[in-house]
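Protein chains in written order, with my numbering: chain E, 3 to 249; chain H, 3 to 249. No residue lacks a Cβ here, since even glycine has one placed at the ideal position from N, Cα and C.
There are 2 protein chains.
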Amino acid sequence: MEKIDEYPFYVEPFHVDLTGRMFMGILGNHLLNAAGRHSQRRGWGIGALNETRHTWVLSRLSIELEQMPRQYEQGTIRTWVESVIKLFTNRNFAILRPDGTPYGYARSTWAMIDMETRQPCNLLTLYDGDILNYVVSDEENHCPIEGHGRFRFREPQFATTIDTHYSDVDINGHINSIKYIEHILNLFPIQRLRDEGIRRFEIAYKTEALLGDQLSFYMQPVDEKETDVEVRKDGGEVVCQAKVRFF
Amino acid sequence: MEKIDEYPFYVEPFHVDLTGRMFMGILGNHLLNAAGRHSQRRGWGIGALNETRHTWVLSRLSIELEQMPRQYEQGTIRTWVESVIKLFTNRNFAILRPDGTPYGYARSTWAMIDMETRQPCNLLTLYDGDILNYVVSDEENHCPIEGHGRFRFREPQFATTIDTHYSDVDINGHINSIKYIEHILNLFPIQRLRDEGIRRFEIAYKTEALLGDQLSFYMQPVDEKETDVEVRKDGGEVVCQAKVRFF
């Protein structure tokens, strides 16, 4: 089987923001679906893994765009495994126009955990290391965006606390990875979102939050273009961290 | 051109609730997309209409299910125009499994308005009444669910007020039709959503709300299985009304 898959997307009317650009959360959803299907086709999808009591856990996602796709545009998400480092695998994405030019790229980092012990598994030995047969090195297929960045929370400012609801959670009762992206972007002034647009969005998932948990959001400006965001649940435990860079 | 179109759907992991059933809002989105594409193919899509300064406005949507599609299932949405009554058109939907049996059905009612005057247009004369060429009567293709119901707000109880954010609005800066469905279902006890599931969901859109408007939700139990919900914006104007019937 080839190593790289491509999945088409189409920008639906309810998937765009007030500027007509696709919501970042919707793009994130398309990327995670592409990842899921690529894994599934090769036998390490969630369905297959549940039988052996393993599951993928998304640790990091970084998306960087030259331009966000707009309403009624279409394109392709190309995805491949860049590397496997025992407990983690790095999966990259290219988000392409029909003519092959890039809207942008993304990087993601995943662990596989044992669903009973919640401990990470050694990807080099699981399924006899089958995943290694699909690694596409960066020399072979270059992802031209920077790796995941570092967060800097010196004096983060409290922004807001929200309740979580039915529509926030996934089939496991966990707050859905995509909903964090929505809630985080809702923190920013509408003028910035409208006039500047987002060049790069990063998120690091730390701990699961559950339906009913209250989430508190803290913001730390890094420079004129960039802001870090930390999300904490009741009791102060960090749930996720994000970095938003405007154009 | 044929009168009835079919569009495939697939139930993605982030599109299901904690029970593994597709969110009602996601199904609503699929239906509205099917409607949009069916119109677009026949020359009365939003893109074409904007050139003549007309746009479709969704007035009512009623969805009734035998079973909500579940994660990883696929199916087809079949859509057709049932009737045209001067200022309104009724469009129906069948939500079908791959074997052709129904998950459920839906009914919708739309007006076409002039974007400058905001007044409804006569559909019987617009584009020389072209839409009449595509009407499929209920005898030809039966939609076996009841028509839109009546709401009964005798003593509605205040439930909550929410702020609206960036992620709530569409390209026109209006609160997105689908987001109302999410916010309305978030009002119900999680146990009911989980254990009973929704048999029928109706919504009537009355007035647009804008980004930044606060929305207040009022609930009126109708009987053991059914609750009506009214959404009002600042100042008390009714934005939309909904009816939720559990199994």
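Since residue i and residue j are thought to touch, with beta carbons under 8 angstroms apart, how far apart are those beta carbons, to the nearest angstrom?
i                 : j                 : result
ARG93 of chain E  : THR81 of chain E  : 6 angstroms
GLU228 of chain H : ARG247 of chain H : 5 angstroms
PHE160 of chain H : SER110 of chain H : That belief does not hold up - the Cβ atoms of PHE160 of chain H and SER110 of chain H are roughly 29 angstroms apart, past 8 angstroms.
VAL224 of chain E : TYR182 of chain E : About 19 angstroms separates the two Cβ atoms, so there is no contact after all.
LEU134 of chain H : VAL86 of chain H  : 6 angstroms
By how many angstroms is the C-alpha of residue j removed from the C-alpha of residue i?
i                 : j                 : result
TYR129 of chain H : ASN174 of chain H : 25 angstroms
LEU51 of chain E  : MET3 of chain E   : 19 angstroms
GLU184 of chain H : ILE177 of chain E : 15 angstroms
ARG152 of chain H : ASP197 of chain H : 26 angstroms
ILE200 of chain H : LEU67 of chain E  : 39 angstroms
TYR107 of chain H : SER139 of chain E : 48 angstroms
LEU95 of chain E  : GLY38 of chain E  : The question names Leu, but residue 95 of chain E in the sequence shown is Phe. Whole-angstrom Cα-Cα distance: 13 angstroms.
LEU89 of chain E  : ARG202 of chain H : 46 angstroms
ASP172 of chain H : ASN143 of chain E : 36 angstroms
GLN222 of chain H : PHE155 of chain H : 6 angstroms
LEU34 of chain E  : LEU20 of chain E  : 24 angstroms
ARG23 of chain E  : GLU148 of chain E : 23 angstroms
GLU118 of chain E : HIS56 of chain E  : 8 angstroms
TYR168 of chain E : PRO15 of chain H  : 15 angstroms
TRP46 of chain E  : TYR136 of chain E : 12 angstroms
THR127 of chain H : THR162 of chain H : 44 angstroms
ALA36 of chain E  : ASP7 of chain E   : 8 angstroms
TYR207 of chain H : ASN124 of chain E : 53 angstroms
LEU212 of chain H : ASP170 of chain H : 9 angstroms
TRP112 of chain H : PRO122 of chain H : 10 angstroms
GLU157 of chain E : ARG44 of chain H  : 57 angstroms
ILE205 of chain E : SER61 of chain E  : 8 angstroms
VAL240 of chain H : THR103 of chain E : 46 angstroms
ARG194 of chain H : TYR220 of chain H : 18 angstroms
PHE249 of chain E : THR91 of chain H  : 43 angstroms
ILE65 of chain E  : LEU189 of chain E : 19 angstroms
PRO71 of chain H  : GLY27 of chain H  : 13 angstroms
HIS40 of chain E  : ARG120 of chain E : 24 angstroms
Let me check understanding here. Comparing Cα to Cα, which of the options lies closest to residue i?
i                 : options                                : result
GLU141 of chain H : H:GLU84, H:GLU8, H:ASN31               : H:GLU84
ILE180 of chain E : E:GLY131, E:LEU63, E:ASP197            : E:LEU63
GLN73 of chain H  : H:ASN31, H:HIS17, H:ILE115             : H:HIS17
LYS5 of chain H   : H:ASP132, H:THR103, H:VAL59, H:LEU34   : H:ASP132
GLY237 of chain H : H:LEU125, H:ASP215, H:GLY45            : H:ASP215
ILE192 of chain E : H:ALA36, H:ARG202, H:THR166            : H:THR166
GLN42 of chain E  : E:ASN31, E:GLU75, E:ASP170, E:TRP58    : E:TRP58
THR54 of chain E  : E:ASN135, E:MET114, E:ILE205           : E:MET114
CYS145 of chain H : H:TRP112, H:THR119, H:LEU134, H:TYR105 : H:TYR105
CYS242 of chain E : E:HIS56, E:GLU210, E:VAL224            : E:GLU210
ILE48 of chain H  : H:TYR9, H:PRO100, H:ASP116, H:LYS245   : H:ASP116
GLN69 of chain H  : H:PHE25, H:GLU8, H:GLU14, H:ILE186     : H:PHE25
PRO10 of chain E  : E:LEU195, E:ILE28, E:HIS32             : E:HIS32
ASP101 of chain E : E:GLU75, E:ASN124, E:TRP112, E:GLN121  : E:GLU75
VAL13 of chain E  : E:PRO122, E:LEU126, E:LEU98            : E:LEU98
ILE186 of chain H : H:HIS40, H:GLU8, H:ASP230              : H:ASP230
HIS150 of chain H : H:HIS40, H:ALA244, H:ASN188, H:LEU189  : H:ALA244
LYS235 of chain E : E:GLY27, E:PRO71, E:HIS40, E:ILE164    : E:ILE164
Residues bridged to residue i by DSSP?
i                 : result
TYR136 of chain E : Its beta-bridge partners do not exist; DSSP assigns none.
ALA161 of chain E : In DSSP, ALA161 of chain E forms no bridge with anything.
PRO146 of chain H : According to DSSP, which records beta bridges pairwise, PRO146 of chain H is partnered with nothing at all.
ASP215 of chain H : ASP215 of chain H is not bridged to any residue.
MET26 of chain E  : Paired residues: none, contrary to the question.
LYS245 of chain H : H:GLU204, H:ASP230
PRO223 of chain H : H:THR229
THR166 of chain H : None; THR166 of chain H has no bridge partner.
GLU8 of chain H   : H:ARG80
LYS235 of chain H : H:LEU217
ASN94 of chain H  : H:TRP82, H:ARG109
VAL240 of chain H : H:ARG234
ARG72 of chain H  : H:ARG23
ILE324 of chain E : With chain E represented from 3 up to 249, any question about residue 324 of chain E goes unanswered, as that position is not in the structure.
VAL18 of chain H  : H:MET24
Confirm the yes/no value for this check: CB of residue i, any heavy atom of the ligand ZN, distance under 8 angstroms.
i                 : result
ARG202 of chain H : Summarising the ligand content, the structure contains no ligands, and the ligand ZN is consequently not present.
Requested in this report: Report the residue ranges of all alpha helix (DSSP H) runs contained in full by the region 99-144 of chain H; include only those spanning at least 4 residues, in chain order.
Outcome: none
Query raised in the report: What are the complete beta strand (DSSP E) segments, minimum 3 residues, inside the region 37-69 of chain E?
Result: 56-67
Report task. Run through the region 175-200 of chain E for me and flag every whole alpha helix (DSSP H) of 4 or more residues, listed as ranges in chain order. Result -> 179-187, 192-197
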